[in-house]
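Chemist:
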Amino acid sequence: MKHIISALVENKSGVLAHVAGMFAARAFNIDSLVVGRTEDPALSRMTIVVIGDDRVLEQVRKQLAKVVPVVKVQDFVGQPVVARDLMLIAISAPPEKRSEILSLIEMFRGKVVDIGQKFVMVEVSGPEDKIEAFINVCKPYGIKSLARTGTIAMPRHSRADMRPAQTSNDQADA
Amino acid sequence: MKTKSRASARTAGKPSIETGAQIIVDTLIEQGVDTMFGYIGGVVIPLFDRLYDAPINFIVPRHEQGGCHMADAYARASGKVGVVLATSGPGACNLVTGLATAMMDSVPMVALTGQVRTELIGNDAFQEADTTGITRPVTKYNCIVKDVKDLARTIREAFHIASTGRPGPVLIDLPVDVEVAKFNTDGPAEMKLPGYRIRTKGHARQISTAAKAINKSKQPVLYVGGGVITANAGKELSAFAEKAHLPVTMTLLGLGSYDQRKAESLDMLGMHGSAYANYAVQQCDLLIAVGARFDDRVTGKIETFAPNAKVIHIDVDPASISKNVGVDIPVVGDAKVILKALAREVEYQERKKWFDKIAEWKKKFPFRYDQNSSTIKPQYVVEELCRQTKNEAIVTTGVGQNQMWAAQFYRFFKPRQFISSGGLGTMGFGLPAAIGAQIAKPNETVIDIDGDHGFNMTMTELSTAIEHKLPIKICILNNGYMGMVRQWQELFYGRRYSKSYLKNPEYEALAKALGAVGMTVDKKADVPKAVKQMLKEKQPCVVDFRVEPEENVWPMVPAGKSLDEMSGLDILERLI
Numbered sequence: 733m734k735h736i737i738s739a740l741v742e743n744k745s746g747v748l749a750h751v752a753g754m755f756a757a758r759a760f761n762i763d764s765l766v767v768g769r770t771e772d773p774a775l776s777r778m779t780i781v782v783i784g785d786d787r788v789l790e791q792v793r794k795q796l797a798k799v800v801p802v803v804k805v806q807d808f809v810g811q812p813v814v815a816r817d818l819m820l821i822a823i824s825a826p827p828e829k830r831s832e833i834l835s836l837i838e839m840f841r842g843k844v845v846d847i848g849q850k851f852v853m854v855e856v857s858g859p860e861d862k863i864e865a866f867i868n869v870c871k872p873y874g875i876k877s878l879a880r881t882g883t884i885a886m887p888r889h890s891r892a893d894m895r896p897a898q899t900s901n902d903q904a905d906a
Numbered sequence: 003m004k005t006k007s008r009a010s011a012r013t014a015g016k017p018s019i020e021t022g023a024q025i026i027v028d029t030l031i032e033q034g035v036d037t038m039f040g041y042i043g044g045v046v047i048p049l050f051d052r053l054y055d056a057p058i059n060f061i062v063p064r065h066e067q068g069g070c071h072m073a074d075a076y077a078r079a080s081g082k083v084g085v086v087l088a089t090s091g092p093g094a095c096n097l098v099t100g101l102a103t104a105m106m107d108s109v110p111m112v113a114l115t116g117q118v119r120t121e122l123i124g125n126d127a128f129q130e131a132d133t134t135g136i137t138r139p140v141t142k143y144n145c146i147v148k149d150v151k152d153l154a155r156t157i158r159e160a161f162h163i164a165s166t167g168r169p170g171p172v173l174i175d176l177p178v179d180v181e182v183a184k185f186n187t188d189g190p191a192e193m194k195l196p197g198y199r200i201r202t203k204g205h206a207r208q209i210s211t212a213a214k215a216i217n218k219s220k221q222p223v224l225y226v227g228g229g230v231i232t233a234n235a236g237k238e239l240s241a242f243a244e245k246a247h248l249p250v251t252m253t254l255l256g257l258g259s260y261d262q263r264k265a266e267s268l269d270m271l272g273m274h275g276s277a278y279a280n281y282a283v284q285q286c287d288l289l290i291a292v293g294a295r296f297d298d299r300v301t302g303k304i305e306t307f308a309p310n311a312k313v314i315h316i317d318v319d320p321a322s323i324s325k326n327v328g329v330d331i332p333v334v335g336d337a338k339v340i341l342k343a344l345a346r347e348v349e350y351q352e353r354k355k356w357f358d359k360i361a362e363w364k365k366k367f368p369f370r371y372d373q374n375s376s377t378i379k380p381q382y383v384v385e386e387l388c389r390q391t392k393n394e395a396i397v398t399t400g401v402g403q404n405q406m407w408a409a410q411f412y413r414f415f416k417p418r419q420f421i422s423s424g425g426l427g428t429m430g431f432g433l434p435a436a437i438g439a440q441i442a443k444p445n446e447t448v449i450d451i452d453g454d455h456g457f458n459m460t461m462t463e464l465s466t467a468i469e470h471k472l473p474i475k476i477c478i479l480n481n482g483y484m485g486m487v488r489q490w491q492e493l494f495y496g497r498r499y500s501k502s503y504l505k506n507p508e509y510e511a512l513a514k515a516l517g518a519v520g521m522t523v524d525k526k527a528d529v530p531k532a533v534k535q536m537l538k539e540k541q542p543c544v545v546d547f548r549v550e551p552e553e554n555v556w557p558m559v560p561a562g563k564s565l566d567e568m569s570g571l572d573i574l575e576r577l578i
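Sequence lines, in order, name chains A and B.
Adding 732 to a residue's 1-based position in the first sequence gives its number in this note's numbering.
Adding 2 to a residue's 1-based position in the second sequence gives its number in this note's numbering.
1) Quick check on DSSP: helix, strand or coil for B/GLU539?
2) Roughly how many angstroms lie between the CA atoms of B/ALA343 and B/MET193, to the nearest whole one?
3) Is it a yes or a no for the stretch 60-75 of chain B touching the stretch 107-125 of chain B, going by three-plus beta-carbon pairs under 8 angstroms?
4) Under 8 angstroms, CB to CB, which of the residues in the stretch 151-172 of chain B have a partner in chain A?
5) Between the alpha carbons of B/MET252 and B/VAL226, how many angstroms are there, rounded?
6) Let me check one thing: in DSSP terms, what residues is A/SER877 bridge-paired to?
7) Which residues of the stretch 313-343 of chain B have a Cβ closer than 7 angstroms to any Cβ of chain A? Give them in chain order.
8) Count the other CB atoms, across all protein chains shown, that sit within 10 Å of the CB of B/ALA11; report buried if there are 16 or more and exposed otherwise.
9) On the DSSP bridge assignment, give the partners of A/VAL781 in chain order.
10) Compare the C-beta of B/THR134 with all C-beta atoms of chain A and state if any pair is closer than 9 angstroms.
11) Measuring only between beta-carbons, confirm whether B/PRO557 sits less than 9 angstroms from chain A.
12) Would you grab the beta carbon distance between B/VAL46 and B/ARG119 for me? Rounded to a whole angstrom, and I think it's under 8 angstroms.
13) What is the DSSP secondary structure of B/VAL147, counted as helix, strand or coil?
14) Is it buried or exposed, B/GLY293, if we count other Cβ atoms within 10 angstroms and call 16 or more buried?
15) Using the three-state DSSP reduction, which class does B/CYS477 fall into: helix, strand or coil?
16) Against B/CYS145, what residues of chain A qualify as contacts under a CB-to-CB distance less than 8 angstroms, listed in chain order?
17) With DSSP run on the structure shown, which of helix, strand or coil describes A/VAL856?
18) What did DSSP end up calling B/SER322 once you bin it into helix, strand or coil?
19) Alpha carbon to alpha carbon, what distance is there between B/SER165 and B/LYS4?
20) Whose C-beta lies closer than 6 angstroms to the C-beta of B/LEU248 among residues of the same chain, with five residues either side of it excluded?
21) Under a CB-based cut-off of 9 angstroms, is B/TYR503 close to chain A?
22) Could you tell me which uninterrupted beta strand (DSSP E) segments, each at least 3 residues in length, are contained entirely in the stretch 64-118 of chain B, listed from first to last along the chain?
23) Going by the beta-carbon positions, is the gap between B/ALA79 and B/GLY438 smaller than 9 angstroms?
24) Under three-state DSSP, which class holds A/GLU771?
25) Which residues in the same chain have their Cβ closer than 6 angstroms to the Cβ of A/GLU742, if we skip the five residues on either side of it in sequence?
26) Taking just the CA atoms, how far does B/ASP261 sit from B/ALA291?
27) How many angstroms separate the CA atom of B/VAL98 from the CA atom of B/VAL140?
28) Taking only beta carbons into account, state which residues of the stretch 192-211 of chain B come closer than 8 angstroms to chain A, listed in chain order.
29) Tell me whether the stretch 777-785 of chain A and the stretch 825-834 of chain A touch, counting them as touching only if at least three CB pairs, one residue from each stretch, are closer than 8 angstroms.
30) What number of angstroms, rounded off, separates the C-alpha of B/PRO92 from the C-alpha of B/GLN285?
31) Going along the chain, which unbroken runs of the alpha helix (DSSP H) with 4 or more residues stay wholly within the stretch 188-246 of chain B?
32) Looking at the C-beta of B/LYS142, does it have a partner C-beta in chain A at a distance below 9 angstroms?
33) Where A/SER824 and B/ASP126 are concerned, what is the direct C-alpha to C-alpha distance, given to the nearest angstrom?
34) In chain B, which residues lie with their C-beta within 7 angstroms of the C-beta of A/ALA759?
35) If you measure from the beta carbon of A/ALA904 to each beta carbon in chain B, is any gap under 9 angstroms?
36) With a threshold of 9 angstroms between beta-carbons, can B/ARG263 be considered close to chain A, or not?
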């Protein structure tokens, strides 16, 4: 099962290496990992998508929490979250296909960010399945290049009080 | 953690301008360091200059790996943080085995390494290595200090992280320009570790649940690991075990936490553990694990491990819980605190049937060897060592057969008495460990029960022992083989002894050449006399015991088998 793990980490050098090294050493599978600044300059947020069963995920949360510069770990599984990927995709777009492609972009609420003689570059964001779907509809035209950010996520605060996220403290304190 | 700031300790509040090197030395002293191990090199000259007249007993090994093992064993024997210092590049690389050894066995250590100048980092400079990159997986935490103002704080954090929670080695990489940079040391340098939290107390409800399960259990087993020794909880463990009336089995690293001379001791469990411990674990209805981590050498085939047991797991590391074996009642916290609390809630239960069964197993399957053999049996040597030292020596070991025989035939009774590389299984650990332990405990008898091949790996440290006139005893159980590998080749590879035999030196002559006492014992009748002589020596003493070359360690749980599927019991039974 796919889990979105959100880890608040100290914003200092070497932290990514500590976290990535731990994942590699313990043979955990990372689907994607995104690091970015937060509202607090001393902290960064890592959003890590991990695939595994409950037992593996329990270890992932605990081992992550054990990494010294990791301040807080949350697993959003079973919780309403907003999860988004951002993608830039350059699609082959000869003049005769252009209007067709543009209407597809419209349907996916994409944005044309660059346009050349033979291609358009499009920015799309959304849940992972929407991104995948857009890639699929673009394939027949020819994808020149593609870059994705990986998932970032946040629990829906409107319903967050219904079911708290599983934190690294589960089990441990039980 | 000491709160007195470095500046106030030295100059009573007056601001002072110091070099990084001086700040390092002062902060080490503030942290209570009076003994260090380390080897000089180019980029640590400024630091060694400040150590020149510092009140620190500084031991120079002959190789950094040896120094790292010494600091490790110093920590295991004393309970203090072991400190090792090495230069950049090769010096730092040579620490890796020692750090991994300490990491696997949760030993509190601080390693300091020199590094090339900050502006040269990444340029493939002379003696440059990416030390933090190389050592990250073998340390609890590591970092590089690039600004002299962070030095004191970082060192304090290192000692705190190394010695608290589940301890482990912490490495700080120190570029040489930071060592020589000047800094006004007046001002606070408090620790900043927002991500480092330790649970000590243990959840009261979980403790009560555990106590209830213990009181209800008809066939419990207490399974004790090195965490109890690390937590200085030996007394609390015995008090708890006696109050609840529990049989106690120990892991290799747990040896010494419970008096093996007591009837309730089931001795070591696992691959080469006692048959009675393994049977008891497999048949128990409640397994109470304290400071142990369900290592594969302990559990055997995990699917059939303790099949009828409810499991209580007390550990300071939440990540250890349910890692290998599902746990029913986890209690996270410090073993000392939790065992004390548990002892208050448990009641004495007779459990006569269970103890009768255990007594029967103990009678039927004790650790045994052929006492009538004309050759020197290695087990006999260990037994003789135990007898003549009245169980009181500190024993270090190599890895393999020698280590297992030491664990089976020396009967320990107090914590920090048995010092061995359990998790990593580092051959060559025995001699440097004996040196570290002897320095920590100058008045105790320290014996290295070693194998010939393991001794070969780090024997250069004999010079260190001689230089410091350490009366360590090195007993080489010399069978000429990589004994444990040979045993596996005999059992599982049709006696094809591929590369497990080496030509050894004459250890007696070698010891004498270096300036130590050397002895060779090749007759069984000479063993007691040689041990007696060895124990009298006031300088390092190497005894080469020419033991039975193809002796095996029994019983043995073959890899992939359940704990109660032991080989060798028939061989042991025939020896009665």
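All C-beta atoms in this analysis are idealised placements derived from N, C-alpha and C, irrespective of residue type, glycine included.
Please read these numbers as outputs of a predicted model, since none were measured by experiment.
Modeler: If we stick to the structure as given:
1) By one-based count along the second sequence, residue 539 of chain B stands at place 537. Judged by DSSP in its simplified three-state form, B/GLU539 adopts coil rather than helix or strand.
2) The residue given as residue 343 of chain B occupies position 341 in the second sequence. The residue given as residue 193 of chain B occupies position 191 in the second sequence. Take the alpha-carbon of B/ALA343 and the one of B/MET193: they are about 31 angstroms apart.
3) Flag = yes, the stretch 60-75 of chain B and the stretch 107-125 of chain B touch.
4) Along the stretch 151-172 of chain B, the positions whose C-beta sits under 8 angstroms from a C-beta of chain A are ILE163, read in chain order.
5) Counted from its first residue, the second sequence places residue 252 of chain B at position 250. Counted from its first residue, the second sequence places residue 226 of chain B at position 224. Taking the straight line joining both Cα atoms gives about 5 angstroms.
6) If you number the first sequence from 1, residue 877 of chain A lands on position 145. Bridge partners of A/SER877: A/ALA822.
7) The residues in question are PRO320, ALA321, ILE323, SER324, LYS325, PRO332 and VAL334.
8) For this step, residue 11 of chain B is matched to residue 9 along the second sequence. Residue confidence is low: B/ALA11 scores 46 on pLDDT, short of 50, so the model does not pin down where it sits. Its coordinate-derived value is still stated next. By the 10 Å Cβ count, B/ALA11 comes out exposed.
9) Here residue 781 of chain A refers to the residue found at position 49 of the first sequence. Answer is A/ILE736 and A/SER764, bridged to A/VAL781.
10) Reading the second sequence from its first residue, position 132 is the one you call residue 134 of chain B. For B/THR134, a Cβ of chain A is located within less than 9 angstroms of the residue's own Cβ.
11) Taking the second sequence and counting its residues from 1, the one referred to as residue 557 of chain B is at position 555. Output row for B/PRO557: interface = no.
12) The residue given as residue 46 of chain B occupies position 44 in the second sequence. The residue given as residue 119 of chain B occupies position 117 in the second sequence. By a beta-carbon distance limit of 8 angstroms, B/VAL46 does not contact B/ARG119. Their separation comes to about 13 angstroms.
13) Here the question's residue 147 of chain B lines up with position 145 in the second sequence. Here B/VAL147 sits in coil by DSSP.
14) The residue given as residue 293 of chain B occupies position 291 in the second sequence. With 16 or more Cβ atoms within 10 Å of its Cβ, B/GLY293 is classed as buried.
15) Residue 477 of chain B sits at position 475 when you count from the first residue of the second sequence. B/CYS477 falls in the strand class under three-state DSSP.
16) Indexing the second sequence from 1 puts residue 145 of chain B at position 143. Proximity of chain A to B/CYS145 at the Cβ level (cut-off 8 angstroms) is accounted for by GLY746, in chain order.
17) Counting from one through the first sequence, the residue named residue 856 of chain A turns up at place 124. Under the three-state reduction of DSSP output, A/VAL856 falls in the strand class.
18) For the purposes of this step, residue 322 of chain B is identified with residue 320 of the second sequence, where counting begins at 1. Three-state result, B/SER322: helix.
19) Stepping through the second sequence from its first residue, residue 4 of chain B is reached at position 2. Stepping through the second sequence from its first residue, residue 165 of chain B is reached at position 163. Only weak support is given to the placement of B/LYS4: the predicted model assigns it a pLDDT of 42, under 50, and the question is left unresolved by the model.
20) For the purposes of this step, residue 248 of chain B is taken as residue 246 along the second sequence, with counting starting at 1. Residues PRO222 and LEU224 of the same chain have their beta carbon placed closer than 6 angstroms to that of B/LEU248, with the five preceding and five following residues left out of the count.
21) Position 501 of the second sequence holds residue 503 of chain B. No - not a single Cβ of chain A is within 9 angstroms of the one on B/TYR503.
22) Within the stretch 64-118 of chain B, the complete beta strand (DSSP E) runs of at least 3 residues are 84-88 and 111-117.
23) On the second sequence, residue 79 of chain B is found 77 positions in, with the first residue counted as 1. On the second sequence, residue 438 of chain B is found 436 positions in, with the first residue counted as 1. Closer than 9 angstroms, so yes.
24) The residue given as residue 771 of chain A occupies position 39 in the first sequence. In the three-state reduction of the DSSP assignment, A/GLU771 falls in the coil class, being assigned neither a helical nor a strand state.
25) For the purposes of this step, residue 742 of chain A is taken as residue 10 along the first sequence, with counting starting at 1. In the same chain as A/GLU742, and ignoring 5 residues on each side of it, the C-beta atoms closer than 6 angstroms to its own belong to PRO801, in chain order.
26) Numbered from its first residue, the second sequence carries residue 291 of chain B at position 289. Numbered from its first residue, the second sequence carries residue 261 of chain B at position 259. Looking at the two C-alpha atoms, the distance is approximately 17 angstroms.
27) Numbered from 1 along the second sequence, position 96 holds the residue referred to as residue 98 of chain B. Numbered from 1 along the second sequence, position 138 holds the residue referred to as residue 140 of chain B. When rounded, the distance between both Cα atoms is 7 angstroms.
28) Identification of residues in the stretch 192-211 of chain B having a C-beta nearer than 8 angstroms to some C-beta of chain A yields LEU195, PRO196, GLY197, TYR198, ARG201, HIS205 and GLN208, given in sequence order.
29) Below 8 angstroms, too few C-beta pairs join the stretch 777-785 of chain A and the stretch 825-834 of chain A to call them touching: fewer than three.
30) Numbered from 1 along the second sequence, position 90 holds the residue referred to as residue 92 of chain B. Numbered from 1 along the second sequence, position 283 holds the residue referred to as residue 285 of chain B. Rounded to whole angstroms, B/PRO92 to B/GLN285 spans 51 angstroms at the Cα level.
31) The alpha helix (DSSP H) runs lying completely inside the stretch 188-246 of chain B and spanning 4 residues or more are 206-218, 228-232 and 236-246, given in chain order.
32) As a first step, residue 142 of chain B is located in the second sequence; it is residue number 140 there, counting from the start. Chain A, which has a Cβ nearer than 9 angstroms to the Cβ of B/LYS142, makes this yes.
33) Here residue 824 of chain A refers to the residue found at position 92 when the first sequence is read from its first residue. Here residue 126 of chain B refers to the residue found at position 124 when the second sequence is read from its first residue. Looking at the two C-alpha atoms, the distance is approximately 44 angstroms.
34) Translated into positions along the first sequence, residue 759 of chain A becomes position 27. Residues of chain B passing the Cβ test: none, with the nearest at roughly 12 angstroms.
35) On the first sequence, residue 904 of chain A is found 172 positions in, with the first residue counted as 1. Because A/ALA904 carries a pLDDT of 39, less than 50, the predicted location of this residue cannot be relied on, and the following value inherits that uncertainty. Output row for A/ALA904: interface = yes.
36) Here residue 263 of chain B refers to the residue found at position 261 when the second sequence is read from its first residue. No - not a single Cβ of chain A is within 9 angstroms of the one on B/ARG263.
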